[in-house]
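Remarks on the structure that follows.
Numbering (this note's numbering), first residue to last: 1 to 260.
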């Protein structure tokens, strides 16, 4: 049986594709494989950046498998198990030390958008819609949407999306900071990969330290975040790449980073 989550690694960039036609729904087997993929990436020092995408053009990654979801709605134990599985998998992606770029080539709704929110940079096709439609189904987001969305785009914009359940188009998503790049039609994946290549070429320890500091900024009081930043800065300042960066700048030549 073909894997539901496919991984390719080349030149420090891992491309992870969810392939579960027709809309790449987040069924439990997909979640299991996504969790395994996150653990594999976290343990691989050769991976310096990641692209997360979905197979096909119809959808980036859909939310829950609605047929299975409908079956377990009345079963509190089954629903709790599904929610905990999803939270653990999304948390593992959120915790990856290297930068992750989401290539959103189709619609990202519900759990698909919530998964994208665990990524650092979002590249979207101009025809895609992004949204949290859960309230229109009598629910609320249960995989981090009410927490990660306002942290990314602010409380006011997140309130409109979460309470109305109305999706936004790519231009609106770019204007409110939900996505970083609106690609040309059909080019979300190559543009996301180009960003990942740029990230992989930078000194890995500096990039991972910057990501760690940013995550602290989103979660901790200012004083705690500043203390974490200083500690991370001192760690990076002692690396060979930091010395090479300074020497190359003074010599007016491109740096030759060794990711150490």
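For glycine and all other residues, C-beta sits at the position ideal for the given N, C-alpha and C.
- Excluding five sequence positions before and after residue 216, the CB atoms of its chain that fall closer than 8 angstroms to its own CB belong to 224, 225, 228, 229, given in chain order.
- Note on geometry: alpha-carbon atoms of residue 200 and residue 11 lie some 8 angstroms from one another.
- CA-to-CA, the gap between residue 122 and residue 5 works out to about 19 angstroms.
- Rounded to the nearest whole angstrom, the CA to CA distance from residue 19 to residue 78 is 25 angstroms.
- Where residue 17 is concerned, the enclosing beta strand (DSSP E) starts and stops at 13–18.
- Distance from the CA atom of residue 222 to the CA atom of residue 150, rounded to whole angstroms, is 18 angstroms.
- Segment contact: the segment 101–112 against the segment 56–67, three or more CB-CB distances shorter than 8 angstroms; contact assigned.
- Linking residue 141 to residue 133 through their CA atoms gives a straight-line distance of about 8 angstroms.
- In terms of CA proximity to residue 88, 28 leads the group 207, 127, 73, 28.
- Our two residues, residue 166 and residue 58, have alpha carbons roughly 19 angstroms apart in a direct line.
- Checking the DSSP bridge columns, you'll see residue 232 has no partner listed.
- By a beta-carbon distance limit of 8 angstroms, residue 24 contacts residue 55. Their separation comes to about 6 angstroms.
- It is roughly 18 angstroms from the alpha-carbon of residue 130 to the alpha-carbon of residue 191.
- With contacts defined by Cβ atoms closer than 8 angstroms, residue 196 and residue 259 do not form a contacting pair.
- When the beta-carbon positions are compared, residue 254 and residue 246 stay at least 8 angstroms from each other.
- Counting along the chain, residue 129 sits inside the beta strand (DSSP E) bounded by residues 129–131.
- Between residue 76 and residue 193 the beta-carbon gap is near 42 angstroms, outside 8 angstroms, which marks them as no contact.
- A contact between stretches requires three or more CB pairs, one per stretch, nearer than 8 angstroms, and the segment 152–160 meets this requirement with the segment 172–179.
- The three-state reading of DSSP puts residue 102 in strand, counting E and B together.
- In the DSSP annotation of this structure, the continuous segment of the alpha helix (DSSP H) that includes residue 153 starts and ends at 145–153.
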